[in-house]
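A short write-up of the structure that comes next.
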Amino acid sequence: MTECEPVPGGQEVLGDFAVPGGHTVGERQRQPGDQEGDREDQECRYEGTIALGNGHFGAVRRHGRGLLAGSGAARCEFSRIEAQIPATDGCWMAASRRRRILGWLVVTALLASAGEGLAQAPPTWPVVLASTGFTVPVASGIFFSHFGVTTEIGPLDIHHLRIDLDNPSVRLGVALAHDRLMSDDETVSSMVARSGAIAGVNGDYFDIHDSGMPINILVRDGVLLRSPWRFVALGITRDGTVQVVRFRWTGTLSIPETGETRALDAYNSGIAQDGIVAITDVRGYGAPPPEPGARQTVVELSPAYELNLYVIKPDSVTPAAPGGENNRFFVKQVWPQQPFYAPFPKGELILVGRGGGADWLSRKVAVGQQIQVSLTTDPDWREYQGVIGGGPILVRDGHIVDDPDAPAPQEQDRRHPVIAIGVARDGRRLTFVEVDGRQPNFSIGLTRLELASYMQWLGAYQAMAFDSGGSATIVARLPGQPAPAVANAPSDGRERPVANALLIYSTSVPGPPIKLLVNANQPLRLYAGAAFPLSIIGLDGQGNPVPPPEPLQVSASPPLVVYGGGWVRAGATAGEGVLQVQSGNAAGTTRVSVLTHLRRLVVTPEAVNLVPGAGWMFAMAGKDEEGHYVALPDTAGAWVVTPPWLGTFSAPGAFVAGERPAIGTIRAHLGGAFAQIRVAIVNSAKPINQFDRGDWSFRGYPETVTGSVALVATPSHAHHPSAQLVFNLDGSSNRAAYMITHLPIGGTPTGVTMWVYGDESGVWLRGTYEPSSGSPGSVTFARRVTWRGWRSVTAQLPPGLAYPITWTSFHVVETDPTRSPHGVLYLSSLRAIYPEHGARKR
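Here full-length UniProt numbering is used: the sequence shown runs in plain steps of one and ends on residue 842.
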């Protein structure tokens with residue numbers, strides 16, 4: 001369901017994508033009859049194909065008028081941009097017709113919708129060439145959106161969670177990894193699952209690979225767990241309003257008996273030199289031993305029960321008096337130059353002083369004294385039900401902000417996966433935004449300025465970022481899923497454990513459906529004979545997604561398509577009509593078109609280098625006269641190879657390279673349109689004997705995934721042993737089974753090829769690598785392992801890598817929550833492909 005809201009600044013919303021006013025600027029070549037100085041009467045037109053990543057392409061048409069220059073080119077203002085992308089199966093992946101549809105909805109069917117967008121870039125963005133997306137309800141007042149965007153410099157994969165806090169069934173909460181500040185951290189999906197939330201995102205920056213502690217303030221259920229640092233935080237007030245806040249710590253220690261007072265430097269955080277920090281059991285550990293030569297004093301405090309000034313909660317010490325003026329403890333013990341380790345009794349407080357702070361405690365504090373501990377901030381944390389750290393601030397009062405106290409300022413101009421929250425002026429309407437990155441063929445990420453510009457463009461009055469990079473995670477229970485699951489593609493190749501999370505809860509009780517959302521309100525466009533998975537979501541009176549009751553009655557008027565087993569299949573007759581779906585008293589419709597003629601055919605990639613005998617799967621997409629992409633049959637198209645010895649096709653799109661070096665073309669034909677691909681068969685592949693040594697280990701993600709790796713003699717390829725990867729991808733979130741390795745690859749390879757003994761399990765086969773500088777990357781060897789027996793697969797490496805690279809894993813992935821594949825693959829004859837200038841046309 002698409003619900004469009006007004007966007008400030010003279011923008012308009014088309015479908016689910018806000019499009020600001022204004023024009024993009026481009027160039028065109030001088031045309032016959034053009035005169036220098038002509039203006040406003042020269043049409044500019046650009047038409048071309050855009051690389052979408054992962055072997056898929058889109059197309060763009062831009063129109064405008066402009067002024068001719070003496071260089072022979074025209075500067076044009078493009079007043080209209082038309083852009084389309086092909087049908088996809090999530091994350092720019094080709095739709096698989098072999099996929100079995102289980103349950104009443106498979107969300108990936110929504111991702112396969114051939115949605116189209118007209119989009120210009122937000123300010124500071126590269127020009128947007130193509131976009132598509134969908135929006136589905138998660139619960140009443142909660143909506144999830146997924147957008148695929150192609151820019152002039154690369155693709156972007158974007159996810160939104162839109163929250164309406166005026167809906168009485170919706171609230172926010174804060175989760176802490178393992179309920180301890182210092183821990184091994186925990187994934188967002190785990191925190192969502194154990195708390196009963198329906199969605200969530202990662203939160204604060206944290207001490208990764210060490211203590212795991214978040215670095216900024218944390219308030220959970222109205223309880224202060226950690227004092228603030230200088231970065232901004234997100235605050236949820238007692239009435240549920242959301243604010244972007246920068247807290248200042250004002251805590252103090254005082255001894256009523258002597259009148260001595262000094263600053264308390266921090267609460268449940270690190271221990272500063274010459275400072276004093278207060279620690280409770282929720283921190284996770286006590287005070288470490290002092291460093292050699294350092295002065296340290298530890299004071300154990302017990303609450304003054306008889307004064308009734310403290311309320312002891314199971315997981316924290318909570319001052320009962322607002323403002324903390326009378327929060328007194330008794331001094332139980334004083335230990336100079338000694339560590340103190342957790343666990344310690346709940347309700348007790350530890351003061352740890354270093355340097356000058358240790359001296360003050362040694363001189364001023366004695367056993368049996370009362371000491372007053374004030375845990376105070378400006379603004380007062382007691383006004384908030386929840387607070388979670390992050391940063392930097394991106395938008396304030398509707399204007400982009402360059403935060404002078406930004407975490408990791410060195411990352412300001414670098415592209416990374418990012419996550420942020422935008423808050424409306426009333427603090428009641430929120431939009432979480434996550435953009436994947438560090439995956440050049442899938443999503444390149446955003447800079448901080450681009451993220452700030454995007455949040456402003458979406459209409460945020462206030463906006464701030466959270467910890468990004470490999471931590472960026474968005475989890476939601478989408479329609480048809482049995483449980484919340486990771487909705488994005490984390491750049492680590494798996495979900496990263498983090499310190500805390502911001503969670504979304506819903507108490508809405510679903511009722512019977514009153515209407516149906518068919519194919520996410522996207523029109524269906526199919527080539528004759530094509531099949532397409534049809535998503536059908538029931539919506540109750542509150543907007544909750546609910547399963548539509550069986551049986552479903554699906555009909556087309558006129559009868560251009562037939563429905564069965566969750567799929568619609570086009571007949572042989574071209575035409576336009578309406579697809580109608582009835583389920584009990586609920587109904588829904590969408591437009592449907594069947595075509596027998598295509599205006600254009602696109603095959604991706606446009607060029608590929610392969611070694612002799614290697615295999616490659618080409619993806620084909622077609623578009624109609626209006627530029628909309630059309631779903632094609634599995635067996636669509638005729639493939640002509642020139643010269644014939646360049647290779648052969650074992651199945652539509654499945655190319656097998658010839659046995660000798662050559663350069664040639666492949667020409668694909670369908671519906672009166674054609675596309676041409678350049679192919680080079682090169683001999684410059686260097687064997688890598690990794691699979692002969694057995695130098696790898698197994699890792700499953702998450703813990704529901706089990707399996708093993710081993711070196712086996714059979715099956716073998718070319719007399720080489722094989723690496724056996726056994727996997728059981730149980731669970732409902734994104735799952736992966738990894739063969740971990742550490743394999744340096746010298747030189748400047750353009751790709752990696754290997755032989756895989758398939759099991760028809762349908763898993764996604766991928767690999768990961770680390771360049772000598774920059775972020776790790778991942779590539780796809782096979783989008784679906786649909787074959788049994790040996791097959792050569794190749795992964796192309798993106799241009800611009802910092803060489804040499806180190807290969808770090810081969811792994812299988814399952815993203816469909818309705819599938820739990822178990823299987824075994826065998827990998828052999830691994831080779832790196834290098835550029836070769838000696839390949840000749842024969």
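All residues carry an ideal CB built from backbone N, CA and C; glycine is no exception.
Specify the secondary structure class of residue i as computed by DSSP and reduced to three states.
i, result
"Ser-828", "strand"
"Pro-721", "strand"
"Pro-6", "Any reading at Pro-6 needs caution, since the residue's pLDDT is 29, under 50, leaving its predicted position unreliable; the model's value is listed next. Pro-6 falls in the coil class under three-state DSSP."
"Met-754", "strand"
"Phe-466", "coil"
"Met-213", "coil"
"Pro-559", "coil"
"Asn-268", "coil"
"Lys-364", "helix"
"Tyr-310", "Reliability fails at Tyr-310, whose pLDDT of 38 lies under 50, so the model's placement of it is uncertain and no value is given."
"Phe-78", "Note that Phe-78 scores a pLDDT of 32, beneath 50, so its modelled location is shaky and nothing firm can be said."
"Val-188", "helix"
"Pro-605", "coil"
"Ala-572", "coil"
"Tyr-834", "coil"
"Asp-157", "strand"
"Ala-662", "strand"
"Arg-599", "coil"
"Asp-179", "helix"
"Leu-632", "coil"
"Pro-137", "strand"
"Trp-335", "strand"
"Trp-645", "helix"
"Val-763", "coil"
Please name the residue in the options whose C-alpha comes closest to that of residue i.
i, options, result
"Gln-580", "Leu-595, Asp-221, Leu-560", "Leu-560"
"Gly-391", "Ile-215, Val-331, Leu-349, Leu-526", "Ile-215"
"Leu-446", "Ile-208, Gly-173, Leu-725, Gly-154", "Gly-154"
"Pro-169", "Arg-788, Thr-507, Pro-548", "According to the sequence displayed, residue 169 carries Ser and not Pro. Out of Arg-788, Thr-507, Pro-548, Thr-507 has the C-alpha closest to the C-alpha of Ser-169."
"Gly-541", "Ser-697, Gly-141, Pro-122", "Gly-141"
"Gln-582", "His-597, Pro-547, Val-603, Thr-596", "Pro-547"
"Leu-766", "Glu-434, Gly-777, Ser-772, Pro-549", "Per the sequence shown, residue 766 should be read as Arg rather than Leu. Cα-wise, what sits closest to Arg-766 is Gly-777."
"Phe-649", "Arg-791, Ala-193, Asn-734", "Arg-791"
"Gly-577", "Gly-566, Val-562, Asp-380", "Val-562"
"Val-785", "Val-603, Val-812, Ile-279", "Val-812"
"Gly-270", "Trp-335, Met-182, Gly-240", "Met-182"
Buried or exposed for residue i, please, with buried defined as at least 16 other CB atoms from any protein chain shown within 10 angstroms of its CB.
i, result
"Tyr-461", "buried"
"Gly-647", "buried"
"Thr-376", "buried"
"Asn-609", "buried"
"Asn-441", "buried"
"Arg-238", "exposed"
"Asn-724", "It is worth fixing the name first, because residue 724 is Gln in this sequence and not Asn. With 16 or more other Cβ atoms within 10 Å, it is buried."
"Asp-265", "buried"
"Leu-105", "Unreliable placement is indicated for Leu-105, whose pLDDT of 32 sits below 50; the coordinate value is still reported in the next sentence. Counting Cβ neighbours within 10 Å, Leu-105 comes out buried, since at least 16 surround it."
"Ile-833", "buried"
"Arg-448", "buried"
"Thr-590", "buried"
"Arg-220", "buried"
"Tyr-384", "buried"
"Thr-297", "buried"
Nearer than 6 Å: is that true of the beta carbon of residue i relative to any heavy atom of the ligand FAD?
i, result
"Phe-147", "Among the ligands in the structure shown, none appear at all, so the ligand FAD cannot be discussed."
Should the region 750-769 be regarded as contacting the region 828-837, the criterion being three or more beta carbon pairs within less than 8 Å?
-> yes
Just checking, does the region 134-143 make contact with the region 471-486 on the three C-beta pairs under 8 Å criterion?
-> Between the region 134-143 and the region 471-486, the count of C-beta pairs closer than 8 Å reaches three or more; the two stretches touch.
Stretch pair the region 405-415 + the region 519-533: three plus CB contacts closer than 8 Å | no
If we count Cβ pairs, one from each stretch, closer than 8 Å, do we get three or more for the region 633-653 versus the region 695-703?
-> Under the three-pair Cβ rule at 8 Å, the region 633-653 does not count as touching the region 695-703.
Stretch-stretch touch, CB-based, cutoff 8 Å, three pairs: the region 411-430 with the region 144-164 | yes
Where in the UniProt domain "Phosphodiester glycosidase" (362-505) do unbroken runs of the beta strand (DSSP E), each at least 3 residues long, occur, reported from the N-terminal end onward?
-> Within the UniProt domain "Phosphodiester glycosidase" (362-505), the complete beta strand (DSSP E) segments at least 3 residues long are 370-374, 384-389, 393-396, 418-423, 429-435, 462-465, 474-476, listed from N- to C-terminus.
The region 597-614 in contact with the region 678-685 per 3-pair CB rule at 8 Å = yes
Kindly confirm or deny that the region 583-593 and the region 653-660 touch, where touching means at least three C-beta pairs closer than 8 Å.
-> no
With a cut-off of 8 Å, do at least 3 Cβ pairs link the region 742-752 to the region 794-805?
-> Contact between the region 742-752 and the region 794-805 is present, because at least three Cβ pairs lie under 8 Å.
Are the region 193-213 and the region 359-376 in contact at 8 Å, needing three or more beta carbon pairs?
-> Verdict: no, contact absent.
Should the region 533-540 be called in touch with the region 619-639, which here means at least 3 C-beta pairs below 8 Å?
-> Counting C-beta pairs closer than 8 Å gives fewer than three between the region 533-540 and the region 619-639, which falls short of the contact rule.
If you pair each beta-carbon of the region 566-575 with each one of the region 483-502, do three or more pairs fall below 8 Å?
-> no
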